[in-house]
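Colleague: With the UniProt record's numbering, you'll find the sequence shown wraps up at 65, consecutive numbering, no jumps.
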Amino acid sequence: MKKYLWFNSFSLVLSLIIVLSFYQSWDFLGWINILFYIGIVILLIGCVLIIIRGNFFSAFIYSCK
Numbered sequence: 001m002k003k004y005l006w007f008n009s010f011s012l013v014l015s016l017i018i019v020l021s022f023y024q025s026w027d028f029l030g031w032i033n034i035l036f037y038i039g040i041v042i043l044l045i046g047c048v049l050i051i052i053r054g055n056f057f058s059a060f061i062y063s064c065k
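(1) Three-state secondary structure (DSSP) at G39?
(2) So for F60, helix, strand or coil by DSSP?
(3) Taking Cβ positions, are I38 and S15 nearer each other than 8 Å?
(4) From V19 to C47, what distance separates their C-alpha atoms?
(5) May I have the straight-line CA-CA distance separating S63 from L49, to the nearest angstrom?
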């Protein structure tokens, strides 16, 4: 549980830093957009790790031998 709290806190702080650097002022819509982008990146990294760790491509490699 502590790991998820740390990860969420890091994502929120990172999003606030990105909003302040790109938008020059705090804007709620900009913050939501940046949170969405951070969430998509985390989701894509998770999906790639699941595919690699689950040996998804091992059947294709085995069939090519």
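Yeah, the Cβ is synthetic: ideal placement off N, Cα and C, and Gly gets one too.
Modeller: Reading it off the structure:
(1) helix
(2) helix
(3) yes
(4) 26 Å
(5) 22 Å
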